[in-house]
Amino acid sequence: KKIIFVLVVWLMFLIPFLILASHFKNSVKSMAMTTSLYKIDMLTSNVSWHASSLLELNYNVFNDFNKKNFSSKDIIEFLKSKKGSIMREFVIYDLNMKKIFGSGFTENSSYKEIIDVIKKTDMPSGIVEYPDDKPADLVVGRKIGNFYVLYRCDLGYLISKIMMIVSKIDGIFYIVDEDFNIIYDSSNEYLVNVDKKISPEIKKTIEENIKNSRFSYRGILTINSNDFLFSTYNIENTKWWAISILNTSQVNDPILSNWVFKVVVIGIILMLIFSYITLLVGRKLIC
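Just remember that our numbering sits 1 ahead of the position in the sequence shown, which is counted from 1.
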């Protein structure tokens, strides 16, 4: 009878406690989700800023070209001095698209589109190329005085810097171009599958951002019936996007989880102790 009494009292307290503990656990899970989303959003923003800075400092080869009166020879000599591990090849045209100089630059019909954009906007333009056996190349075109210049850069340097930043990221990090081709994928699947594309759900979300002139977004995105924490930022001065995704099933805060477990276990033990104390107090009062 004593044991039954203690168990009955214990269960009376235990059932509502476990209901409250379940809500408590869900609240802690929600806190972990919010914290994880904030972390990947900060990382995505940070990588976006670093990528934009690296492109300006290392891939804008004319950022220190400050001659006011110059000839094609001056541009050729300047670009030759810039050739190295990043900028490898270049070609120069006059305003009539007559080639003045080409340094190993393989011509492509898409390069005419770059020049057409420059003519319309008077702004630098470029495309990303995807060789099968090496990191992507960036082909940049711009008008310098009375000349059009195209130069090809190896994006391996940019990718190596980004790899260092995202090396310990939870989930997967992408950089995609304006056509949603993958420039970088932290899971490295893009190295063995150059035709890999990001999921349609991510593409649709970014297209909505572009349509609504939004340059960043974070939230929960459903991909193939699974929920993911999602963050994306436009890389400034480009049409590229930095993207982070993390499956919500991977979200875990070991410190909070251990704390919740300890609180629940201690609560269950304390209720058992107080149930026994209730028996002792009841016997004293009744007898």
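Even for Gly, the Cβ is constructed at its ideal location relative to N, Cα and C.
Please read these numbers as outputs of a predicted model, since none were measured by experiment.
I want to know whether the stretch 220-229 touches the stretch 148-158 - three or more CB-CB distances under 8 Å. Judged by Cβ distances under 8 Å, the stretch 220-229 makes no contact with the stretch 148-158, as fewer than three pairs qualify.
Tell me the residue span of the alpha helix (DSSP H) that contains Ile77. Segment 73-83, the alpha helix (DSSP H) holding Ile77.
First and last residue of the beta strand (DSSP E) that includes Leu151? Per DSSP, Leu151 belongs to the beta strand (DSSP E) from 148-155.
In its own chain, which residues sit with a C-beta less than 7 Å from the C-beta of Ile128, not counting the 5 before and 5 after it? The residues are Ser111, Ile115, Val140.
So the beta strand (DSSP E) Asn248 belongs to, where does it begin and stop? Asn248 -> beta strand (DSSP E) spans 242-248.
Where Ile287 falls: helix, strand or coil (DSSP): Look at Ile287 here: in three-state DSSP terms it is helix.
Please classify Tyr112: does DSSP put it in a helix, a strand, or coil? Of the three classes helix, strand and coil, the one that applies to Tyr112 here is helix, per DSSP.
Please name the residue or residues paired with Met88 in a DSSP beta bridge. Answer by DSSP bridge pairing, in chain order: Cys154.
Between Asp171 and Asp155, is the Cβ-Cβ spacing less than 8 Å? Not a contact, by the Cβ cut-off of 8 Å.
Alpha carbon to alpha carbon, what distance is there between Leu271 and Lys3? It is roughly 18 Å from the alpha-carbon of Lys3 to the alpha-carbon of Leu271.
State yes or no: is the C-beta of Leu286 within less than 8 Å of the C-beta of Phe6? No, the pair does not count as a contact, with Cβ atoms beyond the cut-off.
If you follow the alpha helix (DSSP H) that Ile211 is part of, which residue opens it and which one closes it? Counting along the chain, the alpha helix (DSSP H) containing Ile211 begins and ends at 201-212.
Check whether the stretch 84-102 and the stretch 164-178 touch, using three or more Cβ-Cβ pairs below 8 Å as the test. The stretch 84-102 is not in contact with the stretch 164-178.
Alpha-carbon to alpha-carbon, Tyr131 and Lys26: If you take the alpha carbons of Lys26 and Tyr131, they lie about 47 Å apart.
Taking Val265 as the reference, give the member of Phe14, Lys169, Gly85, Thr35 with the closest Cα. Taking each of Phe14, Lys169, Gly85, Thr35 in turn and checking the Cα distance to Val265, the smallest one comes out for Phe14.
Contacts around Phe181, its chain only, beta-carbon distance under 7 Å, and the 5 residues preceding and following it disregarded: Closer than 7 Å at the Cβ level, and outside the excluded window around Phe181, lie Lys198, Ile199, Lys204.
Return helix, strand or coil for Glu130, following the three-state DSSP convention. Three-state DSSP puts Glu130 in a strand.
In the DSSP assignment, find the beta strand (DSSP E) that holds Val140 and state where it starts and stops. Bounds of the beta strand (DSSP E) holding Val140 are 138-145.
Cα-Cα separation between Ile20 and Phe275, rounded to whole angstroms: As the crow flies, the alpha-carbon of Ile20 is around 19 Å from that of Phe275.
Among Phe262, Pro136, Leu273, Tyr277, which has the Cα closest to the Cα of Ser23? Selected option, being the one with the closest Cα: Phe262.
The beta strand (DSSP E) that contains Arg215, what's its start and end? The continuous stretches of beta strand (DSSP E) do not include Arg215, and DSSP gives it neither H nor E.
When the Cα atoms are used, what is the spatial distance from Ile77 to Gly146? Ile77 and Gly146: Cα-Cα distance of roughly 13 Å.
Grouping DSSP H, G and I as helix and E and B as strand, with all else coil, what is Gly172? Coil at Gly172, not helix or strand.
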